[in-house]
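Data block below; observations after.
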Amino acid sequence: MKKIFVFFVTIILATISWAGGNSIQIKGSDTMVNLGQAWAESYMQQHKDVLIAVTGGGSGTGIASLISGTCDIAESSRSMKKEEIAQAKTKGINPQEFTVGLDGIAVVVHPSNSVDKLTIDQLADIFTEKIKNWKEVGGKDASIVLLSREVNSGTHVYFKENVLRKGDFKSTAEFDSTALLMPSSQAIADEVAQNSNAIGYYGMGYISKAQKTIAVAKDAKNEYYTPTLENVVSGKYYISRPLFFYTNGDPQGLVKSFIDFVFGPAGQQIVKDTDFVPIK
40 MKKIFVFFVT IILATISWAG GNSIQIKGSD TMVNLGQAWA ESYMQQHKDV LIAVTGGGSG
100 TGIASLISGT CDIAESSRSM KKEEIAQAKT KGINPQEFTV GLDGIAVVVH PSNSVDKLTI
160 DQLADIFTEK IKNWKEVGGK DASIVLLSRE VNSGTHVYFK ENVLRKGDFK STAEFDSTAL
220 LMPSSQAIAD EVAQNSNAIG YYGMGYISKA QKTIAVAKDA KNEYYTPTLE NVVSGKYYIS
280 RPLFFYTNGD PQGLVKSFID FVFGPAGQQI VKDTDFVPIK
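Numbering (this note's numbering), first residue to last: 40 to 319.
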C-alpha cells in the first residue's frame with residue numbers, strides 16, 4: 040500500500056509540475072472572457088501539451104490577480120489606474136500593456152421598445168435618472184428600468200467616465216441608486232431580453248437578436264451610429280474603447296508565444312469572429 044501511495048503522489052506531483060510549466064492563467068474582463076476563451080481554445084488545438092485557463096469576474100479582478108501574482112495575463116476593458124500601477128510596483132510587478140482589440144459599447148433595449156436612437160446627453164440623463172420615463176425620449180408611458188454592470192467592471196467604469204461624465208474628469212456624475220447592478224454582460228443581455236422597460240449596455244460581442252441596439256449620437260447635431268465594426272474603426276461610434284492584456288514585464292516563453300498568436304492573423308480573425316474589432 041505504501042508503494043502504491045508513493046506512486047500516486049509521484050504522478051500527482053509530476054502532473055502539477057507539467058501543468059505549471061505548460062499552462063497560462065488568464066483572468067479579468069467579463070466583456071473579454073468569451074474572446075479569451077476562443078483564443079485559448081484555438082491555441083490549445085495547435086499546442087496539445089498546453090493548458091490555458093480563462094476566467095472572468097471583471098477587469099478589476101484581473102488587475103488585482105496580476106498584482107497578487109495569481110495570473111499570467113490580466114484581461115481588461117479599461118486602462119490600469121495610476122494607483123493600481125503604483126501598488127503593483129510595490130509588490131515587484133511591472134505591468135506591461137498590450138492593446139489586443141477594439142470594442143464598441145452597445146446600448147440595448149427590448150426589441151418591442153419604439154425608441155431606437157439617443158444622444159449622449161439623453162443617455163447620461165437616463166442613467167442618472169434625470170429622465171425617468173420612456174415617453175420623455177419618444178417612447179411609451181412607462182418607467183425606465185436601469186441596468187448596469189457592477190463597479191468592478193471595466194465596462195461600468197468606461198460608461199461612467201465617457202457617457203455619464205462625458206469625458207470630464209472633474210465631473211462627479213454617478214449611476215442612479217435605482218440602477219440594478221448585474222454580475223455580467225450576459226446577465227444584462229438576459230434581463231433586457233425579457234424586460235420591455237429595461238435599458239442596459241455591454242460590449243458589442245454580446246449583441247444578439249434578443250435585444251435591440253440603440254443608435255447613438257454625440258449630440259443632437261451629429262449623425263446617429265450603431266456599434267458596428269466599420270463605425271468603431273472609423274471612430275463614428277462614440278462609445279468605443281480599446282481592449283487590453285496586461286502582463287508582468289515583457290512576456291516570455293509560453294506567454295509570449297500566446298500573445299504573438301493573438302496578434303497574428305488567426306488571433307485577429309478570432310477578434311472579428313467574436314464580433315469585436317481587430318486592430319490589424
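Where is the CB? At the ideal position from N, CA and C, for every residue including glycine. Nothing here was measured: the structure is a model prediction, and the numbers come from that model.
Residue i: which of the options sits nearest, CA to CA?
i	options	result
Glu262	Lys179, Tyr276, Thr194, Val139	Tyr276
Phe208	Thr217, Asp215, Phe198	Phe198
Met71	Lys319, Ser296, Gly288, Tyr245	Tyr245
His324	Thr217, Met221, Ala181	Since the first residue shown for the chain is 40 and the last is 319, residue 324 is missing from the structure and cannot be characterised.
Glu213	Leu157, Val146, Ala163	Ala163
Asp314	Asn61, Ser62, Leu74	Leu74
Ile278	Tyr240, Lys295, Gly303, Lys260	Tyr240
Lys179	Ala79, Asn152, Gly303	Asn152
Lys259	Lys156, Gln126, Ile165, Gln76	As written in the sequence, residue 259 is Ala, which differs from the Lys given in the question. Nearest C-alpha to Ala259: Lys156.
Asp312	Pro281, Glu200, Lys130, Met243	Met243
Ala181	Val202, Pro281, Val154	Val154
In whole angstroms, what separates the C-alpha of residue i from that of residue j?
i	j	result
Pro134	Thr286	6 Å
Asn234	Lys128	45 Å
Lys205	Ile159	8 Å
Ile253	Val310	22 Å
Ser118	Lys171	32 Å
Val148	Gln225	14 Å
Asn236	Ile132	45 Å
Ile50	Ser116	Low local confidence applies: a pLDDT of 36 at Ile50 is under 50, so the model's placement there is unreliable, with the coordinate-based value given in what follows. Cα to Cα, Ile50 sits roughly 40 Å from Ser116.
Gly288	Ile183	46 Å
Ala218	Glu168	9 Å
Phe44	Asp299	Any reading at Phe44 is ruled out, since the residue's pLDDT is 40, under 50, leaving its predicted position unreliable.
Ser216	Asp88	49 Å
Gln307	Ile318	7 Å
Val255	His86	42 Å
Ala113	Ser223	17 Å
Lys66	Ile124	17 Å
Val176	Gly303	44 Å
Trp173	Ser104	41 Å
Ser192	Gly97	5 Å
Gln76	Tyr264	29 Å
Glu122	Val190	17 Å
Leu293	Met83	12 Å
Val93	Val139	16 Å
Ser187	Lys130	32 Å
Pro281	Gly274	12 Å
Assuming residue i contacts residue j under a Cβ cut-off of 8 Å, what Cβ separation, rounded to an integer in Å, is found between them?
i	j	result
Gly95	Asp69	4 Å
Val231	Leu268	Contact doesn't hold; Cβ gap of about 22 Å is too wide.
Leu141	Val271	6 Å
Gln250	Pro150	7 Å
Cys110	Gln161	So it is not a contact: roughly 39 Å between Cβ atoms.
Phe137	Phe283	6 Å
Ala305	Ser81	6 Å
Ile102	Ser62	With 8 Å as the limit, Ile102 and Ser62 do not qualify as a contact, their Cβ atoms being about 20 Å apart.
Ala228	Ser247	7 Å
Ile165	Ile238	6 Å
Give the secondary structure of residue i by DSSP, where H, G and I count as helix, E and B as strand, and everything else as coil.
i	result
Val154	coil
Asn172	strand
Gln135	strand
Ser81	helix
Lys66	strand
Val184	strand
Ser305	This sequence places Ala at residue 305; Ser is not what is there. Correct three-state label for Ala305: helix.
Val310	helix
Asn61	coil
Gly178	coil
Val48	In this prediction, Val48 scores a pLDDT of 38, lower than 50, which makes its location untrustworthy; no coordinate-derived value is stated.
Ile318	coil
Val148	strand
Asn73	helix
Gly193	helix
Gly143	strand
Closer than 8 Å, CB to CB, is residue i near chain C or not?
i	result
Lys174	The chain labelled as chain C is not found in the depicted structure, where only one protein chain is given.
### Message
So within the segment 223-285, which uninterrupted alpha helix (DSSP H) runs reach at least 4 residues, ignoring any that extend past its ends?
### Response
224-233, 268-273
### Task
For the segment 90-135, list the alpha helix (DSSP H) runs that are entirely contained and at least 4 residues long, ordered along the chain.
98-107, 121-129
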